[in-house]
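Single-structure report; data block below.
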Amino acid sequence: MARGLAPDRDHVAYGGRVMTAGGERERGAPLLQAQDLVREYALAGVPVQALRGVSLAIHPGEYVAIVGPSGCGKSSLLNLLGAIDHPTRGAVLLRGRDVSHMRDREATEFRLRHVGFVFQRFYLMPMLTALENVELPMAEAGVAKGARRERARELLAYVGLGARGGHRPAELSGGEQQRVAIARALANGPDLLLADEPTGELDARTGREVIALFERLNADGMTIVVVTHDEVLARAARRVVHMVDGVVVSDEPNAAAESGGPPRITSSPSVAAEASPFRRPRG
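Residue numbering for the sequence shown follows our numbering, beginning at 907 and increasing consecutively.
This is how it looks when you write it as structure tokens:
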């Protein structure tokens, strides 16, 4: 289970309610809040609003897909939620702490310890092995070599790549590289996982393996927010936020989830692994 999380695995949060197998109840405190976010850019000297007053709350254990046409502001929103970028106006709170206007060094340290990122491109270091790539965030966080090597092995086993730790990225398939990137994102025991088009460069089969892994991560307690054009990935989420022209136009539970849970994609043997190792690395 993810450190510090105690999610109700059967819930879908939306509006002012949480739907559980036992009925409807009020929600607890959100893990992540976006408050009236505005993000403006200058394009040829003309201000353009990528986000126009977006508010959103993500609760522990949720699996949320943000969907919409290209250019609607999905990735801009994700960058603000993860403290990669600063809003023009508004605030982002993680566990009640305002992370939206941190100085660069403070934001870097915060992301390293509290947020895991997965991108469309894998951004693995080509000269390092899979194991060494997973170790990198822990090395940056000052984790001792032995402890980070042990945890990297655990994480690679979790994503179904326990036997591939000695391979460099060029020796791995696209799906395997993305699973290494997911293991790397989990290295420091983040509070949540943010993913931007994580299946965008994968074929249908390997994309489904990554989707199955995300489902397993969420079932094991990880809070996930994913931006995607992939309909299969969006259907796997428990809640879907639809954006158009920089605003949220709908925020609803997944229709399949509301009727008893979305159809779960069965993990292939290559994804099956040991019990979830979500924890802060020792040392």
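Glycine residues also receive a C-beta, built at the ideal position from the N, C-alpha and C atoms.
Please state if the CB of V1065 and the CB of A1089 are separated by a distance shorter than 8 Å. Cβ atoms of A1089 and V1065: closer than 8 Å.
Rounded separation between S976 and V1153 - CA only: 13 Å
At what residues does the beta strand (DSSP E) containing I1117 begin and finish? Note, I1117: premise wrong, no beta strand (DSSP E); alpha helix (DSSP H) at A1110 to A1125.
Test item: CB-CB of V1024 and V1086 under 8 Å: For V1024 and V1086, no; Cβs fall outside 8 Å.
What does the Cβ neighbour count give for S961, buried or exposed, with the cut at 16 atoms within 10 Å? exposed
Which value, in whole angstroms, describes the spacing of the CA atoms of I972 and R1059? 31 Å
With the cut-off set at 8 Å, would you say G1081 and E1115 are in Cβ contact? For G1081 and E1115, yes; Cβs fall inside 8 Å.
Sheet register partners of E946 (DSSP bridge): Q955
Rounding to the nearest angstrom, what Cα-Cα distance links H1148 and V970 in this structure? 11 Å
At least three beta-carbon pairs within less than 8 Å, the stretch 1051–1058 to the stretch 1001–1014: No: the two stretches stay apart, fewer than three of their Cβ pairs being nearer than 8 Å.
Use the C-beta contact count for H1007: other C-beta atoms within 10 angstroms, 16 or more gives buried, fewer gives exposed. exposed
Closest residue to R995 among V1131, E946, G1068 and A1118 (Cα-Cα distance): Measuring from the Cα of R995, the nearest candidate turns out to be E946.
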